[in-house]
Structure formats: structure tokens, C-alpha cells
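Number of protein chains: 2
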Amino acid sequence: MNVTDKKGQKIVNDLFSGPVELTDNDGLAALIATEAQADLLILLSDVEGVFTSPPGTPGSVLLHSFNPNTDMNKIKFVGGQSKVGRGGMQSKITSAKQALDAGCNVIIASGFNPDSISNIIAGKRVGTLFSYKPDDGYTRDMAVLARKASRFLQTQPLAKRAQILTAVADAIEREENYILKENLKDVSQAQKESSLSESNLSRLRLNHKKLRVLVEGIRSMANDTQDPLNKPIRKTELAQGLELVQQTTAIGVIMVIFESRPDALVQVASLALQSGNGVLLKGGVEAKYSNRALHQIILSAMKGVAPDVPEGIIGLVETREEITELLALDDHIDLVIPRGSSQLVRFIQRTSKIPVLAHGEGICHVYVDKDANIEKAISIVLDAKTDYPAACNSMETLLIHSDFFHDDQIRKFVNALHDAKVKVHAGPKLASKESDLLPGDVLRKLPVAPALHYEFGDLQCTIEIVDSVQEAINHVHEYGSGHTDSIVTENFKTAETWIQQVDSACVFHNASTRFADGYRFGLGAEVGVSTGRIHARGPVGVDGLLTTKWVLRGKGSESHIVAPFNLGEKKFDHKSKL
Amino acid sequence: MNVTDKKGQKIVNDLFSGPVELTDNDGLAALIATEAQADLLILLSDVEGVFTSPPGTPGSVLLHSFNPNTDMNKIKFVGGQSKVGRGGMQSKITSAKQALDAGCNVIIASGFNPDSISNIIAGKRVGTLFSYKPDDGYTRDMAVLARKASRFLQTQPLAKRAQILTAVADAIEREENYILKENLKDVSQAQKESSLSESNLSRLRLNHKKLRVLVEGIRSMANDTQDPLNKPIRKTELAQGLELVQQTTAIGVIMVIFESRPDALVQVASLALQSGNGVLLKGGVEAKYSNRALHQIILSAMKGVAPDVPEGIIGLVETREEITELLALDDHIDLVIPRGSSQLVRFIQRTSKIPVLAHGEGICHVYVDKDANIEKAISIVLDAKTDYPAACNSMETLLIHSDFFHDDQIRKFVNALHDAKVKVHAGPKLASKESDLLPGDVLRKLPVAPALHYEFGDLQCTIEIVDSVQEAINHVHEYGSGHTDSIVTENFKTAETWIQQVDSACVFHNASTRFADGYRFGLGAEVGVSTGRIHARGPVGVDGLLTTKWVLRGKGSESHIVAPFNLGEKKFDHKSKL
Numbered sequence: 059m060n061v062t063d064k065k066g067q068k069i070v071n072d073l074f075s076g077p078v079e080l081t082d083n084d085g086l087a088a089l090i091a092t093e094a095q096a097d098l099l100i101l102l103s104d105v106e107g108v109f110t111s112p113p114g115t116p117g118s119v120l121l122h123s124f125n126p127n128t129d130m131n132k133i134k135f136v137g138g139q140s141k142v143g144r145g146g147m148q149s150k151i152t153s154a155k156q157a158l159d160a161g162c163n164v165i166i167a168s169g170f171n172p173d174s175i176s177n178i179i180a181g182k183r184v185g186t187l188f189s190y191k192p193d194d195g196y197t198r199d200m201a202v203l204a205r206k207a208s209r210f211l212q213t214q215p216l217a218k219r220a221q222i223l224t225a226v227a228d229a230i231e232r233e234e235n236y237i238l239k240e241n242l243k244d245v246s247q248a249q250k251e252s253s254l255s256e257s258n259l260s261r262l263r264l265n266h267k268k269l270r271v272l273v274e275g276i277r278s279m280a281n282d283t284q285d286p287l288n289k290p291i292r293k294t295e296l297a298q299g300l301e302l303v304q305q306t307t308a309i310g311v312i313m314v315i316f317e318s319r320p321d322a323l324v325q326v327a328s329l330a331l332q333s334g335n336g337v338l339l340k341g342g343v344e345a346k347y348s349n350r351a352l353h354q355i356i357l358s359a360m361k362g363v364a365p366d367v368p369e370g371i372i373g374l375v376e377t378r379e380e381i382t383e384l385l386a387l388d389d390h391i392d393l394v395i396p397r398g399s400s401q402l403v404r405f406i407q408r409t410s411k412i413p414v415l416a417h418g419e420g421i422c423h424v425y426v427d428k429d430a431n432i433e434k435a436i437s438i439v440l441d442a443k444t445d446y447p448a449a450c451n452s453m454e455t456l457l458i459h460s461d462f463f464h465d466d467q468i469r470k471f472v473n474a475l476h477d478a479k480v481k482v483h484a485g486p487k488l489a490s491k492e493s494d495l496l497p498g499d500v501l502r503k504l505p506v507a508p509a510l511h512y513e514f515g516d517l518q519c520t521i522e523i524v525d526s527v528q529e530a531i532n533h534v535h536e537y538g539s540g541h542t543d544s545i546v547t548e549n550f551k552t553a554e555t556w557i558q559q560v561d562s563a564c565v566f567h568n569a570s571t572r573f574a575d576g577y578r579f580g581l582g583a584e585v586g587v588s589t590g591r592i593h594a595r596g597p598v599g600v601d602g603l604l605t606t607k608w609v610l611r612g613k614g615s616e617s618h619i620v621a622p623f624n625l626g627e628k629k630f631d632h633k634s635k636l
Numbered sequence: 059m060n061v062t063d064k065k066g067q068k069i070v071n072d073l074f075s076g077p078v079e080l081t082d083n084d085g086l087a088a089l090i091a092t093e094a095q096a097d098l099l100i101l102l103s104d105v106e107g108v109f110t111s112p113p114g115t116p117g118s119v120l121l122h123s124f125n126p127n128t129d130m131n132k133i134k135f136v137g138g139q140s141k142v143g144r145g146g147m148q149s150k151i152t153s154a155k156q157a158l159d160a161g162c163n164v165i166i167a168s169g170f171n172p173d174s175i176s177n178i179i180a181g182k183r184v185g186t187l188f189s190y191k192p193d194d195g196y197t198r199d200m201a202v203l204a205r206k207a208s209r210f211l212q213t214q215p216l217a218k219r220a221q222i223l224t225a226v227a228d229a230i231e232r233e234e235n236y237i238l239k240e241n242l243k244d245v246s247q248a249q250k251e252s253s254l255s256e257s258n259l260s261r262l263r264l265n266h267k268k269l270r271v272l273v274e275g276i277r278s279m280a281n282d283t284q285d286p287l288n289k290p291i292r293k294t295e296l297a298q299g300l301e302l303v304q305q306t307t308a309i310g311v312i313m314v315i316f317e318s319r320p321d322a323l324v325q326v327a328s329l330a331l332q333s334g335n336g337v338l339l340k341g342g343v344e345a346k347y348s349n350r351a352l353h354q355i356i357l358s359a360m361k362g363v364a365p366d367v368p369e370g371i372i373g374l375v376e377t378r379e380e381i382t383e384l385l386a387l388d389d390h391i392d393l394v395i396p397r398g399s400s401q402l403v404r405f406i407q408r409t410s411k412i413p414v415l416a417h418g419e420g421i422c423h424v425y426v427d428k429d430a431n432i433e434k435a436i437s438i439v440l441d442a443k444t445d446y447p448a449a450c451n452s453m454e455t456l457l458i459h460s461d462f463f464h465d466d467q468i469r470k471f472v473n474a475l476h477d478a479k480v481k482v483h484a485g486p487k488l489a490s491k492e493s494d495l496l497p498g499d500v501l502r503k504l505p506v507a508p509a510l511h512y513e514f515g516d517l518q519c520t521i522e523i524v525d526s527v528q529e530a531i532n533h534v535h536e537y538g539s540g541h542t543d544s545i546v547t548e549n550f551k552t553a554e555t556w557i558q559q560v561d562s563a564c565v566f567h568n569a570s571t572r573f574a575d576g577y578r579f580g581l582g583a584e585v586g587v588s589t590g591r592i593h594a595r596g597p598v599g600v601d602g603l604l605t606t607k608w609v610l611r612g613k614g615s616e617s618h619i620v621a622p623f624n625l626g627e628k629k630f631d632h633k634s635k636l
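Taken in sequence, the protein lines are chains A and B.
Adding 58 to a residue's 1-based position in the first sequence gives its number in the numbering used here.
Adding 58 to a residue's 1-based position in the second sequence gives its number in the numbering used here.
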């Protein structure tokens, strides 16, 4: 049989089994899509999608997603027929619903834009997505709301943002019993299911002390008199009357993916409120009740003092979308910050289309130079390894100058580490000295290190010997992870060689690697630690949530255009003013 | 039949058709991998891969890739038997060669590291990759060399780097005839094959003037007295004797993917030399001869004045690897900068696992406020649209306050644009006024705009009317691309509302959008323009090639460890010194 459209043109042969009358091409498209079991039907229109009222009328807004069951009352048709071709928006929506009912996804987009289809294929937000599932496009919509809210929050003075933070701190203090009650639900559930390790369980569990630390942190943010926003970074007079300022601004929308620790929700939400960012919080299901309670408390505290700030500023993502789907929303979310296990972080770094701020591995070195003071060195080594062995900034490899091997002092390090219950491994060079050693020497008994690029993350470390500061630097470059590496030496020239050449986020002299931390660095609340080299590196404070914008003001009566500069009639001065 | 290893244990049944004697498990693995037609064989060892000499002996270096035909002389065996299990490295290499000969890729890695296998699956650089193809792992190795070279170059004083730049400028001047001759080969080839558009052909063609501009640019970089490296950004005394400095440093390894323009090679190479970065240049095949000539001239100029800087600092990627393979080298390359068509840029942004610095779309707006001076506004609008319509910072949409519609002045803008040969489209709101207009009105004849989020990139633009600055801001947020948006108004309060609320990389008042440019902003050589919000935003100068590192110096005789701070025995001061 043949399918013809109203004009009688033969369109598709042998596709359907009975006579079909089609009112327009949209209906035909829906039918073909259904028969072909297409995954996606794209209906191209002369407008960019479904609007709340005809595009161009006041207040008309493009809907990014549309549920035909619940959203019909959101839109107002006038006339209904589009200027181009048959089938107005009403007919398109009817056809879209038909296809959707048959299990085919539908997007209505502009046919004028030659990039519409390729952008849709690339997963970009284009036009209006039809869906019945309440969570389809839900996180996407949350991100759109968060951006709008962020733009509003950025216009609020610091005092107002501080007032919100104070209200949040007060509310957490006031609602402590409720928070702990909800948290207990999560903890009991996890205990019943034995689904969490002991350490994750302790991360999940809130208590008076943890909440007090949180509240104090928020209050100190609220008392911050320096506005992180609109801080000038650079000022230049380009030419007479033409002044350029590069100033800080919020990044926009940040997604934080965190496991267990519900306190991370409060920390990140507070940082976002201070810095004018919108934030989507994706917590683990293991902290469901705690996260919901904290999220609600923060929002209602904010509503009390700043009812004009849209609630969307902090979204709690509880949809059934896979994390991989969230990580593909690079059109809507500017930055992802994972807070959790190294498995989670690695998965997100590999999968995300959105830039990720996180630390990969923390393979930190302490190099004890030949000119080191040995007591100082042992004290730093012990602190770096044992203060908190699970932390990313704890020492994994101890490099010792071979002079300490030859004068036997290396054993002092091994013994001190053994006394502190640290299992010590020998690097290949140290292990190769085995035959030079007397039987019974402590160095003979050291197991061989599993690998030199290796993070133990517990009370273990590797000792390797090197013949010079240069060999130590090369070792760090070959096997390190660019996190934190420290030299111990009394020779300042050697120290400066180390500082200049070691290419890590944190490079230390005579100090424990454990100092590599936002709080210890005085950055205020810590967003995380980054081993990436783009955007932020090392411990990251609120700066990690900021970007800049360039403001150019043309002053006076002149019209500031580039043509006279092109022609050489005017010249740029580029006078630096900051 | 059965397969047994030397101990006589039955390992695999029914796999082979004849009796097999195996000397060790490596040989067995190679055999099974071959029979099973595996894509990859992973041989786990007690060391991290193939070293030039036994690990731990002086100067021993891990080989990241290994060609059994040509690289055997790179390695020196001592003993040969590893400490763990049968089969030393020699036996592993023999087995690897067997599997490789049968078409199976092989990686030798450490079996002690529990992440080895998952890291290999994730495509990370782990162990030693066996390959006969000279280009397998080649770009990877180039990136490793570039990082080593970058680390060396960063230790060189500014004067030395300036000397190299001067030598490069001199050489380009001196070799002009040779460069033009090689360039002519590319141009003739492209003309013969008619493979390039006229505009790409003109981008490919070098001439005296283009080379002069390049040489001048390099000389001005060489004369820069401010070192971009090691500039302190922040100084804090954490506690007595413990001083923290955050200072600039090179990012490391940057890959630039460029089409046609061989001058981009010179610009980027010079910026890399100035800022201590290693750079991989992936030019189009259409500029093969030009790129090779320029690359060689730069390297030999550098060799003349700085023979100690490794040549790997600037690598020309001419391998047959697909760009997608290069874009997966996120372990080795820190940043990708595409310079070419918007198709290329979009492809790279979608595909790359490495962070990308690039501008997506440039949908720039000029908003003419009700308090605008109309002559100034028309002049800015014309400049913004017509100065260079193909540029990303040219105006695509003109928003005009509805007062200008009501007092008929809007026609002055339309006529001025028409006089300048600009095709003007009407936005939906303007188009909806059609019925209010007299027949013959110029506004009636405007075609409807294809879409509001749309980059014409030529002499076309859209005019839309808005009722307030707030509506204009909302329009920019809904349909803009966050590049550059300018308000024209004499009302400074309105201007500040615009500046505060418009969330674009460049926000202007009474100035043409065309000022959004690294040269005009006084940033020196431009790396590119970024519409991303992470790392760099807007026009990007050498800053875009820099990151920071944190240097912590423990002074005096004290041992700087965190334990006493944890215990409250010591307190942080966090005194800001900069």
C-alpha cells in the first residue's frame, strides 16, 4: 500500500498494512517513527520548541521539557498555525504525544537552525524534550533553575548572603534533634543491611560535635568581610575613556557528588551561598533521610531571611538518572566535584563530560637530603606517614640520600617507622643492596615494594635510596602523582633546586606533607584538593568556585568602535591600573 | 589434548591441536592470547615494565613503549630472572614478541599494583606497550618528552627564554624564502586538488607581510621584562617560620590542533617557549610542508642559542593516529587548544578526554537601551556587525528598546544596516508587530529570524524588540552563548544593572563587541578566546598556559609537623603577606 499526505503525494511505500489518512507531516513523521521503532523523533518547527505562549508575546518562555499529561495547562495557544508549512504547534504536540505513547522519544526544535539536528545528536539542550517520566530532563531542569537562581544571588550584596548563612547556622543549631533523628534512620538502615564499611558508617553518622564544627564553619563564612564576588583582578585603560576590568564572578552551576558524609552537603551548600553559585547535590542513597532533612532546613532558613532567592539555588538530586547521565549535562553544569572514595572519583574523572575538580592519586614523597638534620627528618617523616595515613597528603615513599645508607643512619628511619607500626617496603635500589648487608640487618627483612607509583593509604610506605637531589626529583617526576612532595635539608640551595624543579601542586621544604590542606593553608572552607593542572590546583578554597568576567566601560561622549584602531587613526594605550 | 606447564600441571584443555611444551607462564599466556585471538595480552611482572637496565641500577628508565625489532639494544639484562615466579624480563619480552607477531597487543605491567589492570583498561599509561608500528605510542612518547623538556625549560631564566625567542624571530626572517617556497608546495597542492575553500586557501598562504607580523610578535614577547613564571599570587605566613607562597608555573604539555594556518604553529610555539610549556602541534595535512619547515627552523634556531633545551619541547605530530586517539591521552596532555573551524572545535569539545580551551559559539548581542544616544548606538551596531562579520565577537542579535519602535527610530538602525549590505531578520516579537505596520514599511519586509540562539557568521543579523533592560538581560541569558554582550545607554545606573547581571565572559557598556580580543585587551599574544567557565574565560593571553603551585618553606631549626596543631599546642596565624 501507499501512504500519501493530504496533497496526495506518495511518501512511503509498503510501510503500513492499512489505509492511513494523515492531517499533516507531523502526524506522518510520528507514524513512521513509530513503525520504524525509532529511538527519537525530531520535529522541526519555525520556532525553537514549545513556548508557554506564542513566541514574542510578553512573558513567553521556552519549555525545555514537556509532559503531555501534566504540562498542557502550562501553554496557551493563539491561532495555533505556524507561519511555515502546515501543522501549528498544537498539531506538533498531538503528533509528539502519539509517538511518545508508542515509546518513541520526541524533541521539537527549530528547523531554521542548521545545527539543530547535530546538536540534538550531541546531547545538547535543544528545543523541547517530550517525556512522561517525571525524572526525564528533571536534573536538566534543576540545573536551569540553579543557574537562574545563581544569577539572582550574585546580584545580592555580601551582607544579604551573610545573613542567609547566619540563618542557616542558626537553623542547624536549632534543629539538631530533628537532624540527628533523621540521621539515625540512615544509620540504622545501613547497620541493618550491613551495607557500609565501619569507616563509611562513621562518616555517615552525625553527632553534636560534627554539627557544632559545621555551624562554626558557616558562622566564620558569614563573618567574612571580603566579598569573593566582583573582586577586580586586573584593570587596564585600553585607550582614552575605555576602561577594562577583569573581575571575579561565580562559576554558575556546580554539581557535587558525595558519598556517606551528610556534612558535605552543608559545607558545599554554604560555600555556594557565599559565592553566588547554584549547586546540585547528589548524595548517596545511604544518607537519604539526613540529606533531605539538611536540605529542607537550609532552604527554609534561607526563605525566612531572603524569600526572594529562588529555592532552586540548591537542588537535591534524587532522580533515578544514572550518574553517567548527570555527567553528560555539560551544557548545564559547569563543574563537578566528587567527594568520596577514590573509586568514585576515578569513575567520575573517566566518565564526565563536565570538567571535574578532584584529586586523583596522592603519592606524596619526603626526600631526606644528605644535608638534612636527622632528628628533624625523622619527625617530619613520622608526621607525614602517621598523622592520618588514609589522607591523600600522607607520605607514601621516603627517598633517602645514599649517604644515610652508607653511614648506617637509614636504620634509624626504619626503626622509627617500625616503632610507629608502619610496614616498610624496600624500593628496587634499596632491595638490590641486599647482598651487601649482614644477616639479621633490619634492611634485609624489608619486603620489596609493590610498585613505586603506588598509594598505600594506610600504615605502609616504601623507602628508596637516591644518590642526589636530582635523582630524587627525577624519581618524583617518574613515580609521583603531582600532589605534595617535601625535601628535608639544611642546605637552602638544594631546597631551592627542589622547589624550582619539582612539578607538583605542593612543594615543601622542611615541613610535613600533611600541611597540604585548605584549612591549614588558611583558605577557609575547603572545596577539595585538586591534582589537575587546569582551573584549580592543590588545596582549593572558595576560589575554586569562581571564574572571571571582563567588563569594558566606554566613557564620555565618544562612540567606542574598533574601526579607527584598525585604520591606525587611534592607538591602544593599555595602561595598567592594577 | 592437554596443555601442561613445566611442573606438569594441567592448565588448559582442548585448546591446541598438538603437544606443546611451555617454558613458563608468560609463554603460556602468549599462546592462549594468540589462540583466543585476544586484542590485548597483559603480562604482570614484579616490576613496572621494561627498564633500560635492572630497576634500581643507576640511570635505569622505564620504557613506555617497546618495539622488539628496534629497541632490544636499549636494554641491558643482568641475571634476567625476576625475584618472583618463573620467567624473568627476558622471557617476558620473548613471549610478548610471540604474541605481537601473532597480532595481539601486549603490555607488561606490575602485578603488585592492584590498579594495573583497571588502569590499562581505562587507557592510562601503565607499564610498557609492545608495538611494531612506529606511531603506536608515539604521540604518547612525544608528550612524555615534551613534559621532560618543559620541566627543564622552566628552570631557565627569562633572559635565556627571551634569547631563544629572538633567535627564532631572526631565523624566520632569514629563512623567509625557504618558508615561502615550502608553503607554495602546500598551496599548489591544495589548488590542484581544489580541496580548500577560498578562505581556507588564504589562511594557508603565507606571505612577506604575514611573516613580518609573526616576527614582530615574537620580538615583542622576547622584550617582555615580566616573567610569566614564578610570579607570586598569594603569600601567607601560616605560623611562625612557616611561609606559604602560591606562584605561577607552566601547565606542562599543551596540544594545539590547527587547520590551514601555518602561522598558528609559530605563535603557539613562541608562547610555549616563553611560558616554559611543552607543546604538541597537530597541523592539518594541507599545511604539511609549511609546518615541517617552520618546525625545523624553530628547533634549529633554539639549538643554536640553547643546545641544552631538549628538542622535544615542541613536537610536530605527524603520526597516523586518529585525533580521537590523541584526545584520549589525558594522562600526558594537560590542555587541548583547537584553532580552526567551528566544526573542528565542536568535534574536539565533544570527544576530548583532555580539558579543552576554546570558544563554542559567539552569539553576541548589542542592546540599545531607551536612554541610548542613537548616533552612538548606530555607530557601535555597525562596527559590531560589519568590522569582521566572520569573527566570533561580531554582533548576531540587536536588541532594541520598544520606545525606538514606537517613535519610529528603529528604522534608522534597519536602514543603516541595509546600507552596509547586512541582511536583517526580525525576531518573533518584532515580527508579531507586522499587522500594526503600514504596507511598504521596511520592517514589514524583514524575513523572520531562523532562531534566536543562532550564529550567522556573515553579513546578517536579527533585530528584536524588548520592553526593558531586564527583558534584554533575560533574552541574553536565554539565547546568548556567554561570549560578549554590550549595552548602549547614557544611563549609568542601567549600564551597571547590565554589567552586574549579564553573565557573559565579556560585558560591555558603550563599546563595540569587537573589542573582545586578546590584542585589544592588551594581553599580548592571544592563545584563544574561551567561552568555557573553567580555567580561562574570554580572551586568553599567556595566563591561559599557566597554572600555580604552592610552595611551603619551613624556616629555622624547628621541625614543622601538623601534630602540635592538631593537639592545640600550636595555632595557625594565617598572616597574609601579599
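Note that CB positions come from ideal geometry on N, CA and C, so glycine has one too.
A quick note: this is a predicted structure, and the numbers were derived from the prediction, not measured.
Terminal residues of the alpha helix (DSSP H) in which B/T92 lies: N83 to E93
Which residues DSSP lists as bridging A/E295, in chain order: A/E301 and A/K633
Residues, ordered as in the chain, of the segment 553-572 of chain B that lie near chain A by beta-carbon distance below 8 angstroms: A553, I557, Q558, Q559, D561, S562, A563, C564, V565, F566, H567, N568, A569, S570 and R572
A/F573: first and last residue of the uninterrupted beta strand (DSSP E) it sits in: Segment: none, A/F573 is in no beta strand (DSSP E) and carries neither H nor E.
Coil, strand or helix - A/S140 by DSSP: Bear in mind that a pLDDT of 45 at A/S140, under 50, signals an unreliable position, so the model cannot answer this.
DSSP state of B/E234 mapped onto helix, strand, coil: helix
Chain-ordered chain A contacts of B/Q512 [CB-CB under 7 angstroms]: Residue 512 of chain B is actually Tyr in this sequence, not Gln. Chain A residues near B/Y512: N171.
From A/T306, A/N281 and A/P286, residue whose alpha carbon lies closest to that of A/K293: A/T306
Residue-chain proximity (B/S617, chain A), Cβ-Cβ < 8 angstroms: yes
C-alpha gap between B/S437 and A/R219, whole angstroms: 40 angstroms
Candidates B/A248, B/E419, B/V273 and B/D285: closest to B/R263 by CA position: B/A248
Best match in B/I391, B/A364, B/S588 and B/A327 for proximity to B/A416 [C-alpha to C-alpha]: B/S588
A/R537 and A/I458 closer than 8 angstroms at C-beta: In the sequence as presented, Arg is not what sits at residue 537 of chain A; that position holds Tyr. Not a contact, by the Cβ cut-off of 8 angstroms.
Endpoints, the beta strand (DSSP E) within which A/P597 is located: G596 to V598
Chain-order list of residues whose beta-carbon lies under 6 angstroms from that of B/F579 (same chain, five-residue window excluded): P597
Contacts of A/I438 in chain B (Cβ-Cβ under 8 angstroms): S617, H618 and I619
DSSP beta-bridge partners of A/P112: Partner(s): none; A/P112 has no beta bridge.
Selection of the segment 501-529 of chain B by Cβ proximity to chain A, strictly under 8 angstroms: V506, A507, P508, A509, L510, H511, Y512 and D525
Exposure label - A/P112; buried when at least 16 CB within 10 Å: buried
Counted within 10 angstroms of its Cβ, other Cβ atoms place A/M130 as buried (16 or more) or exposed: exposed
Per-residue DSSP class, three states only, for A/R319: coil
Under 7 angstroms from the C-beta of A/P413: neighbouring residues of chain B: P413 and I592
Cutoff 8 angstroms: A/G596 Cβ touching any chain B Cβ: yes
Positions along the segment 531-543 of chain A whose CB lies within less than 8 angstroms of some CB in chain B: H535 and E536
Partner residues on chain B for A/H464, Cβ-Cβ distance less than 8 angstroms: Those do not exist, as A/H464 stays about 15 angstroms from chain B at its closest Cβ, beyond 8 angstroms.
Span of the beta strand (DSSP E) around A/M200: Unbroken run through A/M200 is the alpha helix (DSSP H), Y196 to Q212; no beta strand (DSSP E).
Neighbour-count burial assignment, A/Q95, 16 or more Cβ in a 10 Å radius: exposed
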